[in-house]
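When we follow our numbering, the leftmost residue of the sequence shown carries the number 22, and every step to the right adds one.
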Amino acid sequence: MRCISHLKMGAVVVALLLPVLGWAQGNPLPRLLQADTARFGRVLRNPAAYRLQILYTQINRDAEGKPHFRTFRYGASARQYFYPASTVKLPAAALALAKLRSLRAQVPGLTAASPLRIDSAFAGQTRVLRDSSAASGRASVGQYVRKVLLVSDNDAYNRLYEFVGQQELNDKLRSLGLRRTRLIHRLSVGDEEPGSRHTNPLAFYADTVLTQPLYMQPSAYNSQPLPKLAAQDIRIGQAYLQGDKRVETPFDFSVKNNFPLPEQQQVLRALLFPEATPAKHRFALAPDDYQFLYRYLSMLPRESRAPRYDAAHFPDTYAKFLLGGGGIAPLPPGVRVFNKIGQAYGFLIDNAYVADFEHGVEFLLAAVIYVNADGVLNDDHYDYDTIGFPFLRDLGQAVYNYERQRPCRQPANLSRFQLNYNVVGEDAP
Numbered sequence: 022m023r024c025i026s027h028l029k030m031g032a033v034v035v036a037l038l039l040p041v042l043g044w045a046q047g048n049p050l051p052r053l054l055q056a057d058t059a060r061f062g063r064v065l066r067n068p069a070a071y072r073l074q075i076l077y078t079q080i081n082r083d084a085e086g087k088p089h090f091r092t093f094r095y096g097a098s099a100r101q102y103f104y105p106a107s108t109v110k111l112p113a114a115a116l117a118l119a120k121l122r123s124l125r126a127q128v129p130g131l132t133a134a135s136p137l138r139i140d141s142a143f144a145g146q147t148r149v150l151r152d153s154s155a156a157s158g159r160a161s162v163g164q165y166v167r168k169v170l171l172v173s174d175n176d177a178y179n180r181l182y183e184f185v186g187q188q189e190l191n192d193k194l195r196s197l198g199l200r201r202t203r204l205i206h207r208l209s210v211g212d213e214e215p216g217s218r219h220t221n222p223l224a225f226y227a228d229t230v231l232t233q234p235l236y237m238q239p240s241a242y243n244s245q246p247l248p249k250l251a252a253q254d255i256r257i258g259q260a261y262l263q264g265d266k267r268v269e270t271p272f273d274f275s276v277k278n279n280f281p282l283p284e285q286q287q288v289l290r291a292l293l294f295p296e297a298t299p300a301k302h303r304f305a306l307a308p309d310d311y312q313f314l315y316r317y318l319s320m321l322p323r324e325s326r327a328p329r330y331d332a333a334h335f336p337d338t339y340a341k342f343l344l345g346g347g348g349i350a351p352l353p354p355g356v357r358v359f360n361k362i363g364q365a366y367g368f369l370i371d372n373a374y375v376a377d378f379e380h381g382v383e384f385l386l387a388a389v390i391y392v393n394a395d396g397v398l399n400d401d402h403y404d405y406d407t408i409g410f411p412f413l414r415d416l417g418q419a420v421y422n423y424e425r426q427r428p429c430r431q432p433a434n435l436s437r438f439q440l441n442y443n444v445v446g447e448d449a450p
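In structure tokens form, the structure reads like this:
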């Protein structure tokens, strides 16, 4: 058990140990990074060039087991822009489940497993009739959430975006207190205005042959002004590729999604610890919705049955950048990481909750690093493998090792996050 309880250690012993182990008051992140220049020195010598941001939140339990949070920051201002890439999929998935939960009051029989057909009604939109990755052979909201969380599937996110709708997505984000977050386009399909404002008509069915409709949703158009981009330094790089043409100006992200690191951690924390989140900032989810999210936030690709993933192409830490380095290293024994990653335009992001069930360790860690030495965007020549993934792996390991030794007042009971990954049959809420 890692919890070196203050209650069991004499005051004199604690006083002697704290300076030696680095547990004195203050931000531990600079000490952890500066203590290992071999692994972190290159980035620390010029953190501005790497647009480095780190958020580390300690979780301390009281006598009743309630979590209390203390957050430390390292790096650039929270207002400095980074492209959030696939990290936007987590709030989209949660809001899709919340919308379904709301519809169920009006539509008996509607669930996240209900077969779904998506049609098209505007230029660039595409239809969906089947989903070969699903056990039923049909698309569903539940299956899209699985694919978003397991391997960060872009098409799955786009379908959730179409189900919730651009206007509702952003209205709900604002109502949850996410004032700077905006989700205004699909991913990897060149989505931009006006197409990004239009979402597809779709229908849910009670049967897999699609003969008994449960609920039909017409196409939608967001006529409201888009949320402003509340960020700084949104022109990035020296040049970018537009098709085969090189454009000799920085890439302008003013029409892109935004999801600042503090709000990323706020979303994950609200999902994992709803009881410790103000009611107005909680997602409108039921207990089985939360359990569904937890399972697929932490499941390894090889543990999934439908969809099924080849471990040779999707190793255990494929979508675990912190600690795992995106497939570089295995997770420590007994550790599960509940997280959502992002990777695009030279940015690597991971927003994670780490739980070590053997040692009672738990903490939140989110980080973003920009690795693009040539300054050219869209050329697919980024320094992910040489700088980005190793840095995030080592950062996760450094904080994890620190947490293994950090004193706490009460051991953490993590049983709510110990899940059954051998699910047989349909587990969508």
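No residue lacks a Cβ here, since even glycine has one placed at the ideal position from N, Cα and C.
In this text the structure is predicted, and so the values were computed from the model without any measurement.
Item checked: Bridge partner(s) assigned by DSSP for Phe272 -> Ile257
Notebook entry, point to check: Is Arg427 buried or exposed, if buried means 16 or more other CB atoms sit within 10 Å of its CB?
Noted result: buried
Next item on the list: Could you check what DSSP says for Ala388 in three-state terms: helix, strand or coil?
Entry: strand
Notebook entry, point to check: Mind pulling the alpha helix (DSSP H) runs of 4 or more residues that sit fully within the region 162 to 239?
Noted result: 162 to 172, 175 to 185 and 187 to 196
Margin query: Taking 8 Å as the cut-off, does the region 199 to 210 touch the region 264 to 282 (at least 3 CB pairs, one atom from each stretch)?
Written below: yes
Notebook entry, point to check: Do you know how far the Cα of Ala307 is from the Cα of Gly130?
Noted result: 16 Å
Margin query: Given a cut-off of 8 Å on the beta-carbon distance, is the pair Leu321 and Leu413 in contact?
Written below: no
Notebook entry, point to check: How many Å lie between Gly381 and Gly163 at the Cα?
Noted result: 31 Å
Checklist line | Stretch-stretch touch, CB-based, cutoff 8 Å, three pairs: the region 75 to 91 with the region 386 to 402 | finding: yes
Margin query: Taking its Cβ as the centre, do 16 or more other Cβ atoms sit within 10 Å of Ala59, making it buried, or is it exposed?
Written below: exposed
Margin query: Could you check whether Ala115 and Phe304 sit closer than 8 Å to each other, using their CB atoms as the reference points?
Written below: yes
Check: Gln439: buried (16+ other C-beta within 10 angstroms of its C-beta) or exposed?
Finding: exposed
Note to self: Tell me the DSSP secondary structure of Asn360 in three-state form.
What the structure shows: strand
Margin query: Does the distance between the C-beta of Arg100 and the nearest non-hydrogen atom of the ligand HEM fall short of 7 Å?
Written below: The model on display carries no ligand, and the ligand HEM is accordingly not part of it.
Note to self: Suppose you measure from the CA of Arg180 to the CA of Leu170; what does that come to, to the nearest Å?
What the structure shows: 14 Å
Next item on the list: Give the DSSP-derived three-state secondary structure of Asp140 in the structure shown.
Entry: coil
Next item on the list: Would you check if the distance between the CB atom of Arg329 and the CB atom of Tyr442 is smaller than 8 Å?
Entry: no
Checklist line | Where Phe159 falls, given that 16 or more other Cβ within 10 Å makes a residue buried | finding: Contrary to the premise, residue 159 reads as Arg rather than Phe in this sequence. Buried: at least 16 other Cβ atoms inside 10 Å.
Item checked: Given Met237 as reference, the closest of Gln188, Val210 and Phe184 once Cα atoms are compared -> Phe184
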